[in-house]
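Residue numbers (this note's numbering), protein chains in the order written: chain A, 612 to 800; chain B, 612 to 800; chain C, 612 to 800; chain D, 612 to 800.
Following: one structure in structure tokens, then a few remarks.
4 protein chains.
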Amino acid sequence: MADERPGGAERKAALVIAAYEQIAAKGLGGLRLREVANAVGIDHSTIHHHFPTKRDLVCAVAGHATRQFWTATPATGTPREKLHAHLTTLGRMIAEHPDLHVVLREIDLAALRDPELAEAITANERGWQASLTSVFADGAAERAWPDGVDPVIAARLVIASVKGASLGSEHAAAVLAQLDTLLGGGSPT
Amino acid sequence: MADERPGGAERKAALVIAAYEQIAAKGLGGLRLREVANAVGIDHSTIHHHFPTKRDLVCAVAGHATRQFWTATPATGTPREKLHAHLTTLGRMIAEHPDLHVVLREIDLAALRDPELAEAITANERGWQASLTSVFADGAAERAWPDGVDPVIAARLVIASVKGASLGSEHAAAVLAQLDTLLGGGSPT
Amino acid sequence: MADERPGGAERKAALVIAAYEQIAAKGLGGLRLREVANAVGIDHSTIHHHFPTKRDLVCAVAGHATRQFWTATPATGTPREKLHAHLTTLGRMIAEHPDLHVVLREIDLAALRDPELAEAITANERGWQASLTSVFADGAAERAWPDGVDPVIAARLVIASVKGASLGSEHAAAVLAQLDTLLGGGSPT
Amino acid sequence: MADERPGGAERKAALVIAAYEQIAAKGLGGLRLREVANAVGIDHSTIHHHFPTKRDLVCAVAGHATRQFWTATPATGTPREKLHAHLTTLGRMIAEHPDLHVVLREIDLAALRDPELAEAITANERGWQASLTSVFADGAAERAWPDGVDPVIAARLVIASVKGASLGSEHAAAVLAQLDTLLGGGSPT
DNA sequence: GATGAATGAGCGTTCATTCAT
DNA sequence: TATGAATGAACGCTCATTCAT
Chain A
612 MADERPGGAE
622 RKAALVIAAY
632 EQIAAKGLGG
642 LRLREVANAV
652 GIDHSTIHHH
662 FPTKRDLVCA
672 VAGHATRQFW
682 TATPATGTPR
692 EKLHAHLTTL
702 GRMIAEHPDL
712 HVVLREIDLA
722 ALRDPELAEA
732 ITANERGWQA
742 SLTSVFADGA
752 AERAWPDGVD
762 PVIAARLVIA
772 SVKGASLGSE
782 HAAAVLAQLD
792 TLLGGGSPT
Chain B
612 MADERPGGAE
622 RKAALVIAAY
632 EQIAAKGLGG
642 LRLREVANAV
652 GIDHSTIHHH
662 FPTKRDLVCA
672 VAGHATRQFW
682 TATPATGTPR
692 EKLHAHLTTL
702 GRMIAEHPDL
712 HVVLREIDLA
722 ALRDPELAEA
732 ITANERGWQA
742 SLTSVFADGA
752 AERAWPDGVD
762 PVIAARLVIA
772 SVKGASLGSE
782 HAAAVLAQLD
792 TLLGGGSPT
Chain C
612 MADERPGGAE
622 RKAALVIAAY
632 EQIAAKGLGG
642 LRLREVANAV
652 GIDHSTIHHH
662 FPTKRDLVCA
672 VAGHATRQFW
682 TATPATGTPR
692 EKLHAHLTTL
702 GRMIAEHPDL
712 HVVLREIDLA
722 ALRDPELAEA
732 ITANERGWQA
742 SLTSVFADGA
752 AERAWPDGVD
762 PVIAARLVIA
772 SVKGASLGSE
782 HAAAVLAQLD
792 TLLGGGSPT
Chain D
612 MADERPGGAE
622 RKAALVIAAY
632 EQIAAKGLGG
642 LRLREVANAV
652 GIDHSTIHHH
662 FPTKRDLVCA
672 VAGHATRQFW
682 TATPATGTPR
692 EKLHAHLTTL
702 GRMIAEHPDL
712 HVVLREIDLA
722 ALRDPELAEA
732 ITANERGWQA
742 SLTSVFADGA
752 AERAWPDGVD
762 PVIAARLVIA
772 SVKGASLGSE
782 HAAAVLAQLD
792 TLLGGGSPT
């Protein structure tokens, strides 16, 4: 009822969001704890009560970003339809909210050198990979895809295409639609 | 025979290479002029004699990296063969020299906020895009690809896949092979 | 009784004084934040906690110096006596505390190129000018000065003489006494 | 006849003038050897062939500036007329060419901490002082000044007023005219 | 939980100067 | 005489972090 003095959890969430926005705007290398604190309206040293180190905050942002991403990509129907919906949604999301994907890519890169960060993002990607793999496997039974489609590898291809497309957000939708076409052609079930 | 005292141009090149390696190892955000200078064996202030600012050095690295990339991707034969060779080469390169692609991706991301850097990388990408587009256009005449392949968009898809795949170098070759299969079907000319 | 741990305001004042002394000793061009910090006994980076930039510190010194100067020059009595007291006091001050006037001159010069600094010093000088002008105007009514003395210009002459005299502190008192003689003639009220 | 390749002396003079202009524009603290060299069209390291150290160049500028000043202040006639002409000329010069006086003041200040510089400027000032003193002494014989004028001190007062006035060039002429009035009143011989 | 003062390592950059060519 | 490469000390400033209050 009284949300004037936010509890610890809300403050933490606010910090994560502020940090997320900073990363989207200035990149991971441009992230400044002081500015994050300012954006939330607290002193910059107070931030360490919620996140002992900068890295902890960044990891939390990684979790937040992957969650955002995942939440936005549900799908139902046949495997063909699921894939189509997935790629369409992602294409639109990249165009409409490039921030999320920029942050995700920023973290992908940093994760190459930071195992802790990698862990924070891997969980999400494992889910994505698994979900896509099962879509491809399901579709394979009904010959929904062209010959030569390996479920695991095709899932990786989709993920790679999405990541790469997110670096050029203007063309992302078209690129993913092209991939969709290639995978399902003009003949969805 | 006396290359003990390197001329200005060689020093510059050595600095670019050292910076490139630093970026590959520590990321753009971990690039330190002092370490670059140490690697080359000169005082860190001397760098500014060759590159007035850090940014100038990074731009030079961008040029170097894109050149590396481009020179490593020639191809001959039919459109089908060209594409196959291209994707195979890239897949192998990502696996064997992940550095190059990491640096390229690092710069891609930074270029979102630095127009000067963007310019250094755009020239290369325009060439890549044009080359791929013409391969797809040529192949279209002889129906080398599945239906629905738009040369321009397909080129972008390939680029996106390569970029995305380079973030997970272990699977890059398989991913690009999958894309190759998808595009060439079971029937290369 | 516990002034071991100085509060923020005291630290700031101590920094200003230390900077003032540095400028007096080495000139504005010889002012080093690290030495100021050392003199106060803190890390040099802590200075920026109190004064965001070096310029801010210098402006604070400008304020401090002008205040020092102004508080040291009160006067009472007839216009003639006021002027005499003023010039005598200044002559003595320049001789006894040349530091203050050196710093003031240093800042005068820098103010030619730094509007912010100019502002910090102008306020003081306006007060000085106004005070002197009114002394001269008051004296004019009782014919305390030789013919041809314009209150505003005479005030400027006094200021100019003081400034110029402060560059050669050994003779300052005599110089200002000469000016006093010239203005008051042999007949002080 | 061939002034394409300037001899050492001309080059030196050009450097002094360029340095002088730099000091006038940016202050002594803003003097950069590289920019001086650029202004003259030579490499910045070549400057050391003409002036071993920066200080040497500054001393040369001090000489140049004092010479400029002195050249511009001749006077003839009775002591009264001489003084009047002198103060008028100086007042006009400060207004029309404030650069010279700014540089002179800049050097005055620096000379407080640099004996070598002091020496370069003292010679000139001694001449100025002597010349003024003799004007005052000559005038004393014919009672050209008010009572109480000591030739030596009055000379110092004039010098101090000129220096101080040069810090506020807009009012310099009026200030020095006021001093002139005070010294000679409405009754020049 | 929050603050402000302080820290210290380190950054990119500057600049007079040196030296081999 | 002139150059360009190199030096090295020093500079102002940044920023994550610590700690007493």
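Glycine included, C-beta positions come from ideal geometry on N, C-alpha and C.
Let me know if residue i comes out buried or exposed under the rule of 16 or more other beta-carbons within 10 Å of its beta-carbon.
i, result
"B:D791", "buried"
"A:K637", "exposed"
"B:R691", "buried"
"B:A752", "exposed"
"D:S777", "buried"
"C:T664", "exposed"
"C:S780", "buried"
"B:R716", "buried"
"D:A734", "exposed"
"A:A722", "buried"
"A:A620", "exposed"
"A:E730", "exposed"
Should residue i be flagged as near chain A, meaning a C-beta pair shorter than 7 Å?
i, result
"B:G832", "This structure cannot speak to residue 832 of chain B, because chain B is shown only from 612 to 800."
"B:H782", "yes"
"B:A771", "yes"
"B:I764", "yes"
"B:G640", "yes"
"B:L668", "no"
"B:S798", "Because B:S798 sits at a pLDDT of 48, beneath the cut-off of 50, its placement in the model cannot be relied upon, and the point is left open."
Using a Cβ-Cβ distance cut-off of 7 Å, determine whether residue i contacts chain C.
i, result
"D:G738", "no"
"D:G775", "yes"
"D:A629", "no"
Give a yes or no on whether the minimum CB-CB distance between residue i and chain B is below 7 Å.
i, result
"A:L778", "yes"
"A:A751", "no"
"A:D719", "yes"
"A:G702", "no"
"A:A785", "yes"
"A:L698", "no"
"A:L793", "yes"
Residue range of the alpha helix (DSSP H) that residue i falls in?
i, result
"D:D761", "Per DSSP, D:D761 belongs to no alpha helix (DSSP H) and is neither H nor E."
"B:A722", "709 to 722"
"D:W611", "This structure does not reach residue 611 of chain D, given that chain D is present from 612 up to 800, and the question cannot be answered."
"D:L626", "619 to 637"
I'd like to confirm something about residue i: is its beta-carbon nearer than 6 Å to some heavy atom of the ligand FMN, or not?
i, result
"C:V746", "You won't find the ligand FMN in this model; it holds no ligand whatsoever."
Does DSSP put residue i in a helix, a strand or coil?
i, result
"A:T657", "coil"
"D:R645", "helix"
"D:L701", "helix"
"B:W756", "coil"
"A:S780", "helix"
"C:P690", "helix"
"D:T664", "coil"
"B:G652", "coil"
Mind checking if residue i is an interface residue toward chain D, Cβ cutoff 7 Å exclusive?
i, result
"C:R643", "no"
"C:R767", "yes"
"C:L790", "yes"
contact_flag[the region 776 to 790 of chain C, the region 762 to 771 of chain D] where n(CB pairs < 8 Å) is 3 or more: yes
The region 709 to 720 of chain D in contact with the region 627 to 637 of chain D per 3-pair CB rule at 8 Å: Counting Cβ pairs under 8 Å, three or more are found: they touch.
Do three or more CB pairs link the region 639 to 657 of chain C to the region 699 to 707 of chain C at distances below 8 Å? no
Would you call the region 743 to 750 of chain C and the region 667 to 681 of chain C in contact, with 3 or more CB pairs under 8 Å? The region 743 to 750 of chain C makes no contact with the region 667 to 681 of chain C; the number of CB pairs closer than 8 Å stays below 3.
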